[in-house]
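Read in order, the letters of the sequence shown correspond to residues 1 to 517 in the numbering used here. Backbone N, C-alpha and C define an ideal beta-carbon position, used for all residues, glycine too. Model, not experiment: these values are computed from the prediction. Notes follow once the structure below has been shown.
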Amino acid sequence: MERPIRSICIVGGGTAGWLTAAIIAARHASRSGCGLEITLVESESIGIIGVGEGTWPTMRSTLKKVGISETDFFRECNASFKHGAKFARWVTGQASDFYYHPLMLPEGFPSLDLAPYWMKYSEAQRDAPSFSNAVCFQEAVCELGLAPKLITTPEYAGVANYAYHLDAGRFAGFIREHCVRKLGIRHVVDDVTEVISSDTGAIDSVQTRKSGRLGADLFIDASGFRSLLLGETMGVPFVDRSDVLFIDRALAVQVPHDHEQSDIVPYTVSTAQKHGWIWDIGLQSRRGVGYVYSSNHTTAEAALAELRAYVGDKHRDLQPREIRIACGHRQVFWKGNCVAVGLAGGFLEPLEASALVLIELSADMISTMLPATREAMPIVAERYNKITQYRWDRIIDFLKLHYILSRRTDSAFWIDNREPKSIPDSLQEQLELWRYRTPGDQDFTSNCEMFPAASYQYVLYGMGFRTDTRHQAFDSDIGGAKRAFAQNETLKARWTKTLPKNRDLIDKIKTLGLQKI
C-alpha cells in the first residue's frame with residue numbers, strides 16, 4: 001500500500017530551518033488542501049551561530065519566490081548590497097596586493113572568452129589593467145563604493161548582478177514571521193528531548209518537553225553542528241576535510257560604524273593574515289568582522305592580536321566570540337526519511353559565502369524532488385546525495401584554489417597549503433589543463449556546478465596564474481574581443497558616473513521603497 005508524503009517536520013530554526021520551510025511551503029502551497037503540513041520545532045534555549053552574513057545572487061530569486069518584498073527585506077534585516085568579494089594580500093601579502101571576484105560574468109562570456117586576449121595583452125603591456133577590471137565594469141563600481149542599481153530599478157532587478165550582506169539574526173526572525181503569517185507553517189517552540197525511531201530504522205517522531213510527540217513522513221535536520229537527527233540518531237558519520245582546508249577556528253565581532261552615515265562597502269573584504277584571513281562585511285548599522293584561522297598554525301592569543309590590529313585601537317575593547325569549525329560534511333545527506341540542511345549537513349570556512357547558498361540549493365532540491373510516497377523516497381535520497389556530494393567537492397576545490405595560488409611565505413600556514421598532498425586530485429588535473437588553456441564551460445560538464453568557469457578565471461588571473469596561450473587557438477575573433485573590451489570601458493564610464501553610493505540607495509529604499517516588478 002502506498003504511503004503518501006503528507007507531513008514534514010523541521011527540527012531547528014535559524015536561517016537553515018526557516019529558509020527551508022519557506023522554500024518548501026511556497027512551492028507546495030497548492031497542496032495545502034491535500035493535507036501537506038509543515039511543522040518547525042525550535043528551542044528557545046539554543047541560539048543560532050549568526051555569522052553567515054554573505055549571500056549569492058541566488059538569494060534574490062529565493063526571496064522573490066517565497067513572496068518577500070525586497071523593500072521590506074532592506075528595512076527589516078539591516079541588509080546592504082554586495083557586488084562580490086575583494087581579496088586583499090592573498091598573493092604577496094603587500095599592501096597593494098588585491099584582486100576582485102565580481103558577481104558579473106566577463107563581457108561576452110561564455111560565447112566569447114576574453115581571457116586569452118587579456119593574457120596576451122598583459123604580457124606585452126606592463127600597465128595593463130587587472131583581468132576583472134578589463135573584462136567587467138563591476139570592479140570600478142566597487143572601488144567607488146557604488147550600489148548595483150538605481151532607486152528607479154524595480155525590486156530584484158539590477159544594473160549589475162548583485163547579492164546581499166545581511167544580519168543573520170534579524171534575517172532568521174524576518175523569515176520566521178513570514179513563514180508563520182503568510183505561508184502557514186506550524187511553529188512549535190519547544191525542546192526536543194528524544195528522537196523515536198520505527199522498527200525499520202526510519203524516524204517515527206520527536207518527543208518534545210511540552211508539546212508531546214511530533215510525527216511526520218519526512219524529517220529535516222536543521223539542528224546545527226549537533227546534527228541531532230542525521231548524525232546522532234541516524235548514525236551518519238562525519239567526513240573530515242581538514243586535510244584540504246586547514247581553517248578550524250573563527251573569532252567574530254560586531255564593529256560599529258564610525259558614524260551613522262559612514263559609507264557601506266558594497267562587497268565582502270577578505271584580507272589574508274599570517275595564519276588565515278579576516279572577513280569584513282558592511283551592514284547598515286555595523287560591520288561584521290571575523291578572523292578565521294588554523295589552530296594548528298597559531299594560538300588563540302596570537303589570532304586575537306591580529307584581529308585587534310585589524311579593527312584598530314578604537315575598537316580594541318570589543319570581545320570577539322570564538323567559533324570552532326569542524327571542516328567537513330556528513331557521509332550522506334539524506335538517509336531514510338531524514339535529510340540535513342545547513343550546519344547539520346556540514347560546514348566549510350566562509351570564504352566565498354557558500355553556507356547560505358547551500359541551504360538555498362538543498363531546500364530547493366528537497367522541494368523540487370519531494371517524493372509523492374515513502375516508497376519513492378530511497379530513489380530521491382540517492383539522487384539527492386549524489387548531487388549534494390558533487391557540490392561539496394566542487395566548493396572544496398574552489399576554496400583550495402585561493403590558497404595554492406598564493407606566493408606568501410611568511411608562515412607555515414601558507415606554505416603548508418601548497419603541499420601537493422593537500423590538493424585534491426580533481427583540482428590538480430584542472431590546473432594542469434589550465435597551464436595551456438583558459439578555463440571554459442567544457443571543463444564543467446555538470447548542471448550542478450557551484451562556480452562557473454568565469455569564477456575560476458577571476459581567481460586564477462587575479463592571483464597571477466599564467467596560461468601559455470600559444471597552445472590555444474583563439475585569434476579567430478580579434479575584432480569581437482576588441483569590441484567587448486571597448487564595450488566594458490563604455491559601461492564603466494557610464495555606471496561609475498550614474499550609480500549612487502551604496503548607503504544613499506539603501507536610505508532611499510527604506511524611505512521610498514522600490515517599484516514592484
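Host alpha helix (DSSP H) of residue i (start-end)
i    : result
E177 : A168 to K182
T62  : T58 to K65
T268 : Per DSSP, T268 belongs to no alpha helix (DSSP H); it is in the beta strand (DSSP E), T268 to A272.
T498 : I478 to T498
S122 : A115 to A124
E37  : Counting along the chain, E37 falls outside any alpha helix (DSSP H), though it belongs to the beta strand (DSSP E) covering E37 to E42.
C524 : Residue 524 is absent from the structure shown; the chain starts at 1 and stops at 517.
F238 : That residue, F238, is in no alpha helix (DSSP H); its beta strand (DSSP E) goes F238 to D240.
D258 : Where D258 is concerned, there is no enclosing alpha helix (DSSP H), given that its DSSP letter is neither H nor E.
A21  : G14 to R27
D191 : No alpha helix (DSSP H) contains D191, which DSSP labels as neither H nor E.
Rounded C-alpha distance that separates residue i from residue j
i    : j    : result
I379 : L370 : 11 Å
S227 : E42  : 14 Å
A453 : I38  : 38 Å
R170 : R308 : 26 Å
F398 : R126 : 29 Å
P57  : I278 : 22 Å
I175 : A21  : 9 Å
W434 : E349 : 26 Å
D443 : S426 : 11 Å
Q428 : R408 : 20 Å
E489 : Y121 : 16 Å
Y100 : Y458 : 7 Å
S96  : R89  : 8 Å
L343 : A326 : 10 Å
I24  : R60  : 16 Å
Q472 : E432 : 14 Å
D263 : E352 : 23 Å
K65  : K182 : 13 Å
A26  : F465 : 44 Å
K510 : N417 : 44 Å
T438 : I8   : 46 Å
A163 : G480 : 30 Å
M463 : V91  : 6 Å
P424 : I478 : 36 Å
R316 : L514 : 39 Å
G17  : P106 : 35 Å
I10  : Y384 : 18 Å
Q273 : E306 : 8 Å
V341 : A376 : 20 Å
Enclosing beta strand (DSSP E) for residue i [first to last residue]
i    : result
I185 : Taken as a continuous stretch (DSSP letters only), I185 belongs to no beta strand (DSSP E), as it is neither H nor E.
V292 : R286 to Y293
S80  : S80 to K82
D504 : Per DSSP, D504 belongs to no beta strand (DSSP E); it is in the alpha helix (DSSP H), N502 to L512.
I247 : Looking at the DSSP string, I247 is not in any beta strand (DSSP E), and its letter there is neither H nor E.
A202 : Premise fails: A202 is in no beta strand (DSSP E) and is neither H nor E.
D221 : L218 to D221
A588 : No answer is possible for residue 588: it lies beyond the span of the chain, which begins at 1 and ends at 517.
Per-residue burial, residue i [other beta carbons within 10 Å of its own, 16 or more giving buried]
i    : result
K149 : buried
P102 : buried
N502 : buried
V244 : buried
L405 : buried
Y436 : exposed
A486 : exposed
G55  : Gly is not the amino acid found at residue 55; the sequence shown has Thr there. Buried, since its Cβ has 16 or more Cβ neighbours within 10 Å.
K400 : buried
I203 : buried
T62  : buried
L230 : buried
N447 : exposed
H259 : exposed
P266 : buried
V189 : exposed
S132 : buried
8 Å contact criterion, which residue i and residue j should meet: CB distance rounded
i    : j    : result
D523 : N296 : Residue 523 lies beyond the residue range present for the chain, which begins at 1 and ends at 517; the question has no answer from this structure.
L499 : L146 : 4 Å
I5   : D217 : 5 Å
I196 : Q207 : 6 Å
A372 : L114 : Contact doesn't hold; Cβ gap of about 47 Å is too wide.
V141 : A160 : 6 Å
F246 : S294 : 4 Å
Beta carbon proximity, residue i to chain D, threshold 8 Å
i    : result
Q125 : The structure shown contains no chain D, having only a single protein chain.
Heavy atom of the ligand GTP within 7 Å of residue i beta-carbon
i    : result
I387 : Among the components modelled here there is no ligand, and therefore nothing to report on the ligand GTP.
Task: Start-end ranges of the alpha helix (DSSP H) lying completely within the stretch 423–470, minimum 4 residues - done: Listed in chain order, the complete alpha helix (DSSP H) runs (minimum 4 residues) inside the stretch 423–470 are 425–434 and 453–462.
Open item on the list: What ranges does the alpha helix (DSSP H) occupy inside the stretch 307–376, keeping only unbroken runs of at least 4 residues that lie completely in it?
Closed with: Counting whole runs of 4 or more residues, the stretch 307–376 contains the alpha helix (DSSP H) stretches 354–369.
TODO: At 4 residues or longer, and completely inside the stretch 379–428: list those alpha helix (DSSP H) runs for me, N to C.
DONE: If only complete runs of 4 or more residues are kept, the stretch 379–428 shows the alpha helix (DSSP H) at 412–417, in order along the chain.
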